[in-house]
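Input: a single structure, listed below in structure tokens.
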Amino acid sequence: MTPDKLIRHGHSQSDIPVLYEDNHVLAIVKPVNVPTQEDASGDPDLLSLLKEDLKIRHNKPGNVFLGLVHRLDRPVGGTMIFAKTSKAASRLSESVRGRSFRKMYVAVLNGVPAALQGRLTHHLLKDSRTNTVQAVRPGTAGSKEAILEYRVLGQADGLSLVQIELHTGRSHQIRVQMQAISCPLYGDQKYGSSLSRPGQQLALWSLLAGAPHPVSKENMSFHSFPPAQFPWSEWPKSLYESMIEAEN
97 MTPDKLIRHG HSQSDIPVLY EDNHVLAIVK PVNVPTQEDA SGDPDLLSLL
147 KEDLKIRHNK PGNVFLGLVH RLDRPVGGTM IFAKTSKAAS RLSESVRGRS
197 FRKMYVAVLN GVPAALQGRL THHLLKDSRT NTVQAVRPGT AGSKEAILEY
247 RVLGQADGLS LVQIELHTGR SHQIRVQMQA ISCPLYGDQK YGSSLSRPGQ
297 QLALWSLLAG APHPVSKENM SFHSFPPAQF PWSEWPKSLY ESMIEAEN
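Counting from 97, one number per residue, gives the positions in the sequence shown under the numbering used here.
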């Protein structure tokens, strides 16, 4: 899917490609290292940037509504869907809760999982003070069940490319669950610091996001590809394209 326009702010590397827009939804490609919403860093955040663009582009006075129905960690880039009305936000949030909101990721791991495909279930506990998450025993107070399915698509020089489908949307879920099977993500300074060098970019990308349209109920599906640079470039773009074709 070719972006039909760019929302520009600052340097070109931070431009926000728009995949689709109508009166109810906005699908974009989140740049890496941009927070999804305002955080303690004070850096420009995606939600505020998109709201400002909508206000200018549609010449709207006052506050502009834009609903955040799913999130990506700051270092993660890729496909996201936002709601442009409160009704759309409510219905898309219901899709998330009912698990009809589809989220597919691609990641590069350090090492290769023992099983080349599988379903992982862990219980995750978040420490808000340190903004870290750990896998804990089932039944641990405050923990939440996390489920994902993965499939190894390729291997290269001690790294593996995996396709991941989330069935829950827990904080840092993919990063922690992959660390739990001894295959932390490439470039993960938080959950794989012993294998990652400072300055390496976390290799996790939101490849596809989809859900029933909040008004028409037709199935929406949007995708974007990771940048053509290491470690993503260890595998041909045709491999990423075949993943999308298989899902549509």
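Backbone N, C-alpha and C define an ideal beta-carbon position, used for all residues, glycine too. Since we're looking at a predicted model, the values are computed, not measured.
- In the DSSP assignment, alanine 342 falls outside any beta strand (DSSP E) and within the unbroken alpha helix (DSSP H) covering 333-343.
- In this structure, the alpha-carbon of leucine 205 lies about 13 Å from that of tryptophan 331.
- A check of alpha carbon separations from isoleucine 270 across Met200, Gly250, Ser224 and Arg195 identifies Met200 as the nearest.
- A distance below 8 Å separates the beta carbons of phenylalanine 321 and lysine 333.
- In this structure, the straight-line span from the alpha carbon of lysine 156 to that of arginine 266 is close to 34 Å.
- Fewer than three beta-carbon pairs drawn from the region 184-198 and the region 234-251 are found closer than 8 Å, and the two stretches are therefore not classed as touching.
- Closest by C-alpha distance to alanine 252, out of Lys222, Glu261 and Phe326, is Phe326.
- Taken through DSSP and simplified to helix, strand or coil, glutamine 275 comes out as helix.
- When the beta-carbon positions are compared, valine 172 and valine 128 come within less than 8 Å of each other.
- Around the beta carbon of serine 256, 16 or more other beta carbons lie within 10 angstroms, which makes this residue buried.
- For valine 165 and glutamine 213, the gap between their C-alpha atoms comes out near 28 Å.
- Every beta strand (DSSP E) of 3 residues or more that sits fully in the region 140-222 is shown, in chain order, as 173-179 and 198-206.
- Around the beta carbon of arginine 187, 16 or more other beta carbons lie within 10 angstroms, which makes this residue buried.
- Under the criterion of beta carbons closer than 8 Å, glutamine 275 and leucine 216 do not qualify as touching, at roughly 11 Å.
- Sequence-distant Cβ neighbours of leucine 303 in its own chain, meaning closer than 8 Å and more than five residues away, are Gly174, Thr175, Met200, Tyr201, Val202, Gln259, His319, Ser320, Phe321, Pro322, Tyr336, Met339 and Ile340.
- Assignment of beta-bridge partners to isoleucine 124 by DSSP yields Val114 and Met176.
- As DSSP reads the structure, glutamine 251 sits in a beta bridge with Ser256.
- Around threonine 236, the same chain offers His219 and Leu221 as residues with beta carbons nearer than 7 Å, after the five sequence neighbours per side are excluded.
- Rounded to whole angstroms, serine 312 and serine 137 show a C-alpha spacing of 39 Å.
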